[in-house]
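Asker: In this note's numbering, the protein residues as written are 235 to 741. Please see the structure below; I have some questions.
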RNA sequence: UCUCGCUUAGCUCAGUUGGUUAGAGCAUCUGACUGUUAAUCAGAGGGUCCAAGGUUCAAGUCCUUGAGCGAGAGCCA
């Protein structure tokens, strides 16, 4: 008898197989036990029929609790109604371990409880799907760069110098010296690009920002390609192709996972096929502040429309709650009552979310209206801008003051730096930041002084401009932000197995 | 760091203008039910109402301070 993975059951129709896994849920009837088993590769229903197995096997099936581990043998039968399209008619069963009162039940839980139990939460279906999508995105990233002739490199995690100022560094000690955990591998990537031509880093980065928002982690994974003989236009072309490649690949290979998390991926088609809008910072600011329209509407008008829509939705949902609660007051069966109670609970949660939105939209409108030319785009400004398009936006040619010291100044307009930010649609904001690097040693030195960075720590970096300096460019992609957008998650904490964020070091 | 909100059973939540013995669903345990899709039905056990202080004849409910969590802002990928 063959030992198989659940994902391969379709190849064993009407055959006897053996599977090993965990019980994720159970329903029982007289003489029947319906076991939902997961083995990491997928989920399937296994039926234990009292009339078809010996008494001992049926007794074992009755003893199984949620998350108990087991081995079973049975026949694979096609059944369209079941998850995966197949079920197993059990012949024999062996318990490996009985799990005692698994804390995460098949009912809603709060964020804090789930995060405290992250090590167990990862077993749930939704987390399973997200982790597999994350895996596929990682695989696609490597494929893309390897196909384009890039060499993967590992940048150091301990660093002696800060890349973007010292406020957000985790400080540690390296023997007797003060050291920091890296916040970007880029400078090392530049050195490697001068050796290999095209490289990409794929590693962890650390930022000690005390921010508790839906798009921040203290430890996150960043992909940073760096290309010799590239200008910023070539850089933007590469970014665009890169994002398109990932979306296409993940859509093709993760259909089942997207179904589990109920992510509609039809919006990817447009993104894969159309050119991303490229806006200069100047033009983006005009749109943001309402001086330019997109599809005949200003940002302010669009947001006011959103606000009214939210108000209507809240009213509508309140009405539905009232109706359900009235119905519950009449004497009805407990099953129906239970159903209505669940409906009311989900509606109330949705209303809570909508009320948050209602509170925030006026703040966004205000932020857009009062935006000052020359400053960096804030989180709310990004959301407002991306709200106007259903494609990723590329904003380039930034005021040089708001960008990092290594960014190349525009020869035609010295007020500008040749940086580019990519803003993901659906409110996900900045997922990529990059640009062309400054090649002129004198300008770099000037910038390092301006940013009050220790020159000594950058001597090696300046060497790159002394020995065969060439135009080069690169960018950084935040893996978790990409996963959050692809999966359309509310919060970045679900995109990584064990998130490290302000206030969260365990488990 | 700032603004707003939350903290009641293992979990998710009700708890009215302060008023007798704090409730429901799920989970757990016992039983019923021949195909269930978060199965259903009957029953049982399960509480330091976040902490400290205050107001009051009386506080889960009101006030003050603190802690933790959540949603934003700032900063960023």
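Virtual Cβ for every residue (Gly too), placed ideally from N, Cα, C.
(1) If you run the structure through DSSP and keep just helix, strand and coil, what is residue 467?
(2) Spell out the partners DSSP gives residue 660 in its beta bridges.
(3) Can you tell which of 521, 321, 324, 328 has its C-alpha closest to the C-alpha of residue 214?
(4) Go ahead and pull the three-state DSSP assignment for residue 519.
(5) What's the C-alpha gap between residue 336 and residue 301?
(6) Near residue 732, what residues of its chain come up, given a Cβ to Cβ distance below 7 Å and the 5 sequence neighbours on each side ignored?
(7) What three-state label does DSSP hand residue 721 in the structure shown?
(8) Can you tell me which of 676, 254, 243 puts its alpha carbon nearest to the alpha carbon of residue 316?
(9) I believe residue 734 touches residue 453 by the beta-carbon criterion, under 8 Å. Please report the beta-carbon distance rounded to the nearest angstrom.
(10) Nearest to residue 374 by CA position, among 483, 366, 663, 340, is which residue?
(11) Going by the DSSP bridge assignment, what does residue 331 pair with across the sheet?
(12) Do the CB positions of residue 341 and residue 277 come within less than 9 Å of each other?
(13) Between the stretch 542-557 and the stretch 497-515, do at least 3 Cβ pairs fall closer than 8 Å?
(14) Whole alpha helix (DSSP H) runs in the stretch 374-446 with 4 or more residues, listed along the chain?
(15) Identify whether residue 606 lies in helix, strand or coil by the three-state DSSP scheme.
(16) Identify every run of the alpha helix (DSSP H) within the stretch 464-548, keeping only runs that are complete inside it and at least 4 residues long; order them along the chain.
(17) Distance, Cα to Cα, residue 555 vs residue 647?
(18) Who pairs with residue 278 in a beta bridge, going by DSSP?
(19) According to DSSP, is residue 783 helix, strand or coil?
(20) On the criterion of 16 or more Cβ atoms from any shown chain inside 10 Å, does residue 237 qualify as buried, or is it exposed?
(21) Could you give the DSSP three-state label for residue 288: helix, strand or coil?
Answerer: Based on what the coordinates show:
(1) helix
(2) Note: residue 660 sits in no beta bridge, so no partner.
(3) Here the chain comprises residues numbered 235 to 741, so residue 214 is not present and cannot be evaluated.
(4) helix
(5) 7 Å
(6) 352, 741
(7) helix
(8) 243
(9) About 4 Å; that satisfies the 8 Å criterion.
(10) That would be 483, whose Cα lies nearest to the Cα of residue 374.
(11) 303
(12) No.
(13) Three or more Cβ pairs closer than 8 Å define a contact, and the stretch 542-557 falls short of that threshold against the stretch 497-515.
(14) 420-430
(15) In the structure shown, residue 606 adopts coil according to DSSP, grouped into three states.
(16) Within the stretch 464-548, the runs of alpha helix (DSSP H) at least 4 residues long that lie entirely inside it are, in chain order, 466-487, 489-494, 500-507, 515-522.
(17) 58 Å
(18) 271
(19) Outside the displayed range of the chain (235 to 741) lies residue 783, so it cannot be described from this structure.
(20) exposed
(21) coil
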